[in-house]
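Written out below as structure tokens is the structure these notes cover.
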Amino acid sequence: MNGQTLQHHAARVEAAIASGQAARSALVASWCRSSRLHHLDPSGRRMPTRLTEAELFYARERIAPLLAAAQGAMDRLYQAVGAAGCCVLLADGEGIPVDRRGTPADDATFQSWGLWTGALWSEEHEGTNGIGTCLVEQRPLTIDRDQHFFTRNTLLSCTAVPIYDHEAALAGVLDVSSCRADRTDAFSNLIALAAGEAARRIEADLFRRAFANARIVLTPSAEGQGGGLVAVDADDLVIGATRSARVGLGIVPGRPWQPVPAADLFGDDTACDHLAGGQRAVLQRALLRAGGNVSAAAKALGVSRATLHRKLKRFELRAH
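Each number in the working numbering corresponds to the 1-based position in the sequence shown with 5 added.
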């Protein structure tokens, strides 16, 4: 990359910042953060900072549940985009890639660009980029080539999707990056769809693992949102909900979840009918396995005899 190219991109970034476009452009707002908040120079040539092996080990340990939940989804996503010269990165909430998938033949190229585990891709360190800007704005986005803050990153195209944990808190980012110049808008749109679906699978797996002893119910899709998941315990209390479920139910995602009766949350909608049908089946199976013994069935379900009798009455079931 020659000096003229460096100067041209840097001048373009500085001109956009000076023009006051930040109020109208999310991209320019990110450039402003990079320059004025983090004091970065768009013409800077320093490559991404990398953690030591020990630091990366501890970073991976901190998000072990996310790492475990992401394996299958990352494999499938890589199978879809890897042959097109893309790598798949899973980054933590600090913008540190902790796992990746890539074609061995492309490893040297991606490693030279810093698209590797242990690199620091927060906006604070790398300015506007897929992973770091996604963490700040908490929305799916693509930072394509010269949309990056640093001139040295303008050969990259990065699509990033936020991942939320079982408490609806931002847990990390799933990123698909490419260094190829022939990446088209149509292909970028396909990558965005595939990455979004992969992120939702990871969130669902995280949620099911966190509420392994609860019944998991799918909530109806909200406009522009996929269906969410809620966890319901043996006492009909909703004890957890994914971020998409909270959005669909009109609940502010950022607040701590307080258990709420399922009937109060769902009312008479389809999700409540699905919940009731699922619970009735659970009760029937428990009674059959206990040979009709209410005490044994209650113990197996982890509820009191009184609670089980109340549920049996509600669903018009009788012990034999």
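Here a beta-carbon is modelled for each residue, glycine too, at the ideal position from N, C-alpha and C.
Straight-line Cα distance separating residue j from residue i
i      : j      : result
Arg36  : Thr159 : Reading off the sequence shown, one finds Trp at residue 36, where the question assumed Arg. Going by the C-alpha atoms only, they are around 14 Å apart.
Leu42  : Glu128 : 10 Å
Val141 : Trp126 : 12 Å
Asp269 : Ala303 : 24 Å
Gly3   : Glu208 : With the chain represented from 6 up to 325, any question about residue 3 goes unanswered, as that position is not in the structure.
Ala113 : Ala124 : 15 Å
Gly307 : Leu288 : 12 Å
Gln263 : Ala219 : 15 Å
Ser162 : Cys184 : 6 Å
Thr138 : Phe271 : 35 Å
Ser30  : Leu317 : 58 Å
Ala197 : Ala78  : 14 Å
Gln26  : Ala34  : 8 Å
Ser48  : Ser24  : 19 Å
Leu94  : Trp118 : 13 Å
Phe155 : Arg50  : 8 Å
Presumed contact (8 Å Cβ cut-off) between residue i and residue j, rounded CB distance
i      : j      : result
Ala236 : Gly245 : 4 Å
Leu179 : Ala204 : 5 Å
Ser182 : Gly135 : 7 Å
Pro145 : Trp121 : Going by Cβ atoms, the distance from Pro145 to Trp121 rounds to 23 Å, so no, they are not a contact pair.
Leu242 : Pro266 : 6 Å
Thr247 : Phe212 : 5 Å
His14  : Asp151 : 6 Å
Residue range of the unbroken beta strand (DSSP E) whose run includes residue i
i      : result
Ala96  : 91-97
Thr57  : No beta strand (DSSP E) holds Thr57; DSSP gives it neither H nor E.
Gly137 : Element bounds for Gly137: not the beta strand (DSSP E) but the alpha helix (DSSP H), 135-142.
Ile168 : 162-169
Ile101 : No beta strand (DSSP E) contains Ile101, which DSSP labels as neither H nor E.
Ile221 : 220-223
Ile148 : 146-149
Member of the options whose CA lies at the smallest distance from the CA of residue i
i      : options                        : result
Phe216 : Pro70, Ile22, Arg319, Ala59    : Pro70
Ala96  : Pro167, Asp111, Leu322         : Pro167
Arg285 : Arg251, Asn298, Leu322, Ser309 : Leu322
Asp170 : Ala20, Ala73, Glu60, Arg319    : Ala73
Glu202 : Asp187, Gly255, Ser249, Arg157 : Ser249
Glu172 : Ile256, Ala31, Arg38           : Ile256
Glu19  : Lys316, Glu66, Asp46           : Asp46
Arg65  : Ala85, Gly98, Leu82, Asp151    : Gly98
Phe115 : Thr156, Pro53, His153          : Pro53
Asn194 : Ala165, Arg38, Glu60, Thr312   : Ala165
Leu143 : Ile22, Cys91, Ser24, Gly259    : It is worth fixing the name first, because residue 143 is Gln in this sequence and not Leu. Closest by alpha carbon: Gly259.
Ala88  : Gln76, Gly107, Ser300          : Gly107
Extent of the continuous alpha helix (DSSP H) to which residue i belongs
i      : result
Ala73  : 69-86
Leu317 : 310-319
Gly177 : Element bounds for Gly177: not the alpha helix (DSSP H) but the beta strand (DSSP E), 175-183.
Thr114 : 112-118
Asn194 : 190-215
Ser48  : First-last for Ser48: undefined, no H or E at that position.
Ser300 : 299-306
For residue i: DSSP bridge partner residues
i      : result
Ala246 : Val235
Ser35  : In the DSSP output, where bridge partners are listed per residue, Ser35 has none listed.
Val265 : Val243
Ala124 : Arg55
Arg105 : Leu94
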